[in-house]
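Engineer: Got a structure for you, questions after.
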Amino acid sequence: MSRRQAATAAVVAVAAFVIALAAGGLWARNGEPAARTEAAGHHASTSPTQPSESSTAPAAPTTTPASAPPATGPARAPANTPSAATATTSPQAGAGGEQARRNSAPEGVLAQRYARDLGQLATRSGIAIVPLGGGPAVVVGEQTSGVAWSTIKVPIAVAARQQQGWESRARAAITVSDNNAALALWASLGAGAAAADRVQAVLAAAGDPDTKVQPTVVRAPFTPFGQTQWTVPAQAQAMSGLACQPAAQETVGLMRQVVSGQRWGLGRWQKAPIKGGWGPLESGGGYLVRQMGVIPVNGGEAAVAMLVRAPGGFEAGVADLNRMAVWLADQTKELPAGRC
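Below you can see the structure in the form of structure tokens.
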């Protein structure tokens, strides 16, 4: 090989080596940002392959569980990422419930507004709102528990739907609140503890596992089941579940047909499924008047349960529920909504 040929070969070899080094550096620079992006994707659950916190699949190990409170330390993702936006969503909420949670006003704001707007009535009443599809209850007012009275006829009717004579009995029990028809449905379930267990199973399946149906008479001459202690948050959870259950649709349909004389309160929404209950307070005179139902709110629907202790009696209690329903109607754009 001549000197000129050797020199040319050396130049070519050096050039090839330089090109290889440059190529290696370029790969490294491209790889590092890609690796950081992948890690960020795991932390923020932004990668298409990572489940969001609203899904039923397990979240990525570094993601805060949906049921946990917001972290007080440095966030792992910016506030506008999906993981930060949904960190306070209840694990019960479906997709509709999650969206409603982000769009609805905070419970504290609504509670303060309720106290301000309704004054003394707010101290003897309470309302719970749960988005259809599940989610946390928003509760306002100071009175949130009392006996069920005739509102318990709704889960009784659902529990007895396979029993002979159901249609006529359920229609009477729901649309006109006929006590004898409700007692017949109760008897068809076995009465006593047997019936109570079956109604409790309906409530549990609908999202209220805590309410214990009263099996025996504790306050004569009133029905045993009517004296069931039922909080408005638990009742709203049950109504939210029942409204979405195929097995409850016939009963929910009857709730839309409640007679005009009992379509107060939530009855201001035409064709809304509702059921009221009322009876004398145990002491001091006055009435407990309550109601459950489903109303359109905020682009979806919500289950509502409300009650009032009315010193002035039944008619005064109905007037109170009417005022409470008017207040609800003014807040519908800020209430949690969902869909089945």
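Each residue of the sequence shown is one higher than the last, beginning at 836 in our numbering. All C-beta atoms, glycine included, are put in the ideal place defined by N, C-alpha and C. If you're wondering where the values come from, they're calculated on a predicted model, not measured in any experiment.
1) Going by alpha carbons, who is nearest to D1045 out of S1023, R1103, A1036, A1022?
2) Roughly how many angstroms lie between the CA atoms of P1115 and Q1084, to the nearest whole one?
3) Output the boundary residues of the alpha helix (DSSP H) element that contains L1163.
4) Between the beta-carbon of A1172 and the beta-carbon of G1134, is there less than 8 Å?
5) Mapping the DSSP letters down to three states, classify T1063 as helix, strand or coil.
6) Can you list, in chain order, the residues of its chain with a C-beta nearer than 6 Å to that of P896? Leave out the 5 residues immediately preceding and following it.
7) What does DSSP give as the partner residues of E1115 in its beta bridges?
8) From this set, A1145, K988, S1075, which residue's C-alpha is nearest G969's C-alpha?
9) Are A1078 and V1087 touching if we call contact CB-CB under 8 Å?
10) Nearest-angstrom Cα distance between G1148 and S1118?
11) Could you compute how far the alpha carbon of D952 sits from the alpha carbon of A994?
12) Any idea what DSSP makes of V1093, helix, strand or coil?
13) Between the alpha carbons of T1051 and A957, how many angstroms are there, rounded?
14) Could you pull the DSSP bridge partners for R1033 from this structure?
15) Going by alpha carbons, who is nearest to M1141 out of S1003, G943, K1110, P941?
16) Out of A1164, E977, E942, which has the shortest C-alpha to C-alpha gap to V1132?
17) Tell me V993's beta-bridge partners as DSSP assigns them.
18) Tell whether a beta-carbon distance below 8 Å holds between G981 and L1123.
19) Beta-carbon separation of A983 and T1063 under 8 Å?
20) How many Å lie between W1162 and I964 at the Cα?
21) How is P1081 classed by DSSP in three states: helix, strand or coil?
22) Would you mind stating whether Q1126 and G1100 have Cβ atoms separated by less than 8 Å?
23) Below 7 Å CB to CB, which residues in the same chain sit around Q1166 once its five sequence neighbours on both sides are set aside?
24) Could you check if K988 is buried or exposed, using at least 16 other CB atoms within 10 Å of its CB as the buried criterion?
25) Inspect the beta-carbon positions of F1060 and I991 and report whether they are closer than 8 Å.
26) Measuring CB to CB, does S960 end up less than 8 Å from V1143?
27) What is the rounded straight-line gap between the Cα of G1025 and the Cα of S985?
28) Does DSSP put S1012 in a helix, a strand or coil?
29) How many angstroms separate the CA atom of K1168 from the CA atom of R948?
30) In angstroms with no decimal places, state the Cα-to-Cα distance between W1021 and T1010.
31) Would you identify the three-state DSSP class for A972, choosing helix, strand or coil?
32) Taking A1030 as the reference, which of A1017, A1041, G1042 has the closest Cα?
33) Quick one: give me the first and last residue of the alpha helix (DSSP H) that V944 is part of.
34) Below 8 Å on the Cβ atoms is my contact criterion, and I expect A1019 with Q1080 to pass it. Report the Cβ-Cβ distance as a whole number of Å.
35) Please state whether DSSP places A1017 in a helix, a strand or coil.
Structural biologist: According to the data block:
1) A1036
2) 31 Å
3) 1149 to 1166
4) yes
5) coil
6) For P896, the pLDDT reaches just 27, beneath the cut-off of 50, and the residue's location in the model is therefore unreliable, although a value from the coordinates is still provided. Correct list: empty, nothing qualifies.
7) According to the sequence displayed, residue 1115 carries Pro and not Glu. For P1115, which the question treats as bridged, DSSP gives the partners Y1122.
8) S1075
9) yes
10) 12 Å
11) 39 Å
12) coil
13) 33 Å
14) None, per the DSSP bridge assignment.
15) K1110
16) A1164
17) Note: V993 sits in no beta bridge, so no partner.
18) yes
19) yes
20) 13 Å
21) helix
22) yes
23) L945
24) buried
25) yes
26) yes
27) 19 Å
28) coil
29) 14 Å
30) 17 Å
31) coil
32) A1017
33) 942 to 953
34) With a Cβ gap of about 23 Å, A1019 and Q1080 do not count as contacting.
35) helix
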